[in-house]
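Using our numbering, the first residue of the sequence shown is number 689, and each one after it goes up by one. Here a beta-carbon is modelled for each residue, glycine too, at the ideal position from N, C-alpha and C.
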Amino acid sequence: MPLGLLLGALGTLIGAGGGFIMMPILLLLYPNESPELLTSISLAAVCANATSGSVAYIRMRRVNFRAGWMFAAAGVPGTILGAMVTSRLTRGVFDLIMGGALVVLATFLIVKTLRGGTPPDVEGDTHQDFNAPVGVGISAGVGFLSSLLGIGGGIIHVPALVYVLRFPTHVATATSHFVLAISTLIVTIYHGATGALTGGWERAAMLAVGVVFGAQVGARLSRRLKGTWIIRCLAVALMTVGARVVYRALQ
Numbered sequence: 689m690p691l692g693l694l695l696g697a698l699g700t701l702i703g704a705g706g707g708f709i710m711m712p713i714l715l716l717l718y719p720n721e722s723p724e725l726l727t728s729i730s731l732a733a734v735c736a737n738a739t740s741g742s743v744a745y746i747r748m749r750r751v752n753f754r755a756g757w758m759f760a761a762a763g764v765p766g767t768i769l770g771a772m773v774t775s776r777l778t779r780g781v782f783d784l785i786m787g788g789a790l791v792v793l794a795t796f797l798i799v800k801t802l803r804g805g806t807p808p809d810v811e812g813d814t815h816q817d818f819n820a821p822v823g824v825g826i827s828a829g830v831g832f833l834s835s836l837l838g839i840g841g842g843i844i845h846v847p848a849l850v851y852v853l854r855f856p857t858h859v860a861t862a863t864s865h866f867v868l869a870i871s872t873l874i875v876t877i878y879h880g881a882t883g884a885l886t887g888g889w890e891r892a893a894m895l896a897v898g899v900v901f902g903a904q905v906g907a908r909l910s911r912r913l914k915g916t917w918i919i920r921c922l923a924v925a926l927m928t929v930g931a932r933v934v935y936r937a938l939q
């Protein structure tokens, strides 16, 4: 439960759901469990976090509902496909894919912030105009990758919303959480129906209780932090956990 509290606060603060840290921790704690079970546990906890965080962000009026519903609809098919592919991966292959993906994304974010790649309206609280076809395409891909890796998707979606669609960071984190709440609910139902969560419900429930409370803390902390620093913290966390997972997989 304390782990869930920490992950909930951090995940909501950066719009990532906490799964990007939760999965590496689960991989290290349970070296003999299958990727399918661990991604199921992670996504169930992310669902609780995203739902709690979305409630807080909706109250703050930061969610772009037009984009949120559109992106969620685009991402759901990908989440189901990702879950199906994960069930066929060996543990070693899964660890290498996830660790490598985290390191690559962290590098991208670090380069962007150092080069001043943050959009000029990054600290704003409203954003109505965006390229819908591009957003739908991104969300479909994010849905697949997030379910495949068990990280929820916000860790990929937030940078895409900020740097590609030019969303203000705080609007991106809030909208991403709204999309996460929907997509992870659907894939958790799928995992439950297929038996992927068998043996993992108790662990998922304990994490979920912690992240629900942590999500409220993270949403409130987001008011006091600048968008640029949120992205930088995200990059550092990604690089750390990604390198650790790759190292463990190669041992």
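Classification of residue i by the beta-carbon crowding that lies within 10 angstroms, buried from 16 upward
i    : result
N737 : buried
A923 : buried
Y878 : buried
G888 : buried
T774 : buried
P765 : exposed
P821 : exposed
T739 : buried
A881 : exposed
V781 : exposed
L885 : buried
R776 : exposed
R891 : buried
T814 : Since pLDDT at T814 reaches only 49, below the 50 mark, its modelled position is unreliable, and the value read off the structure follows with that caveat. T814 comes out exposed.
T938 : Sequence check: residue 938 is Leu here, not Thr. By the neighbour-count rule (16 or more Cβ atoms within 10 Å), L938 is not buried but exposed.
T863 : buried
G763 : buried
G898 : buried
V929 : buried
G823 : buried
G741 : buried
G648 : No answer is possible for residue 648: it lies beyond the span of the chain, which begins at 689 and ends at 939.
Under 7 Å between C-beta atoms of residue i and residue j
i    : j    : result
I844 : V830 : yes
L797 : P847 : yes
R779 : P723 : yes
D859 : R754 : Here residue 859 is Val; the residue named in the question, Asp, does not match the sequence. It is not a contact, given that the beta carbons lie outside the stated cut-off.
G707 : V934 : no
S871 : T795 : no
L853 : F818 : yes
L926 : L833 : no
G756 : F866 : yes
V792 : S835 : no
L726 : L714 : yes
Short CB-CB distance (under 7 Å) between residue i and chain D
i    : result
S728 : As a matter of chain content, chain D is missing from the structure shown, which is built from one protein chain.
heavy atom of the ligand FAD below 6 Å from residue i C-beta
i    : result
I870 : With respect to the ligand FAD, the structure shown offers nothing to examine, as it has no ligands at all.
Inter-residue CB distance, residue i and residue j (contact presumed, cutoff 8 Å)
i    : j    : result
V717 : R936 : It is worth fixing the name first, because residue 717 is Leu in this sequence and not Val. Between R936 and L717 the Cβ distance is about 11 Å, and since that is not below 8 Å, they are no contact.
G842 : L868 : 5 Å
For the 8 Å Cβ check, are there 3 or more pairs between the segment 728-747 and the segment 781-800? no
Quick check for students: name the residue ranges of the beta strand (DSSP E) that lie wholly in the segment 702-745, counting only runs of 3 or more. none
Within the segment 852-923, ranges of the alpha helix (DSSP H) (whole runs, at least 4 residues): 857-882, 889-909
Beta strand (DSSP E) runs contained entirely in the segment 812-844, provided each spans 3 or more residues: As summarised for the segment 812-844, there are no continuous beta strand (DSSP E) elements at least 3 residues long confined to that stretch.
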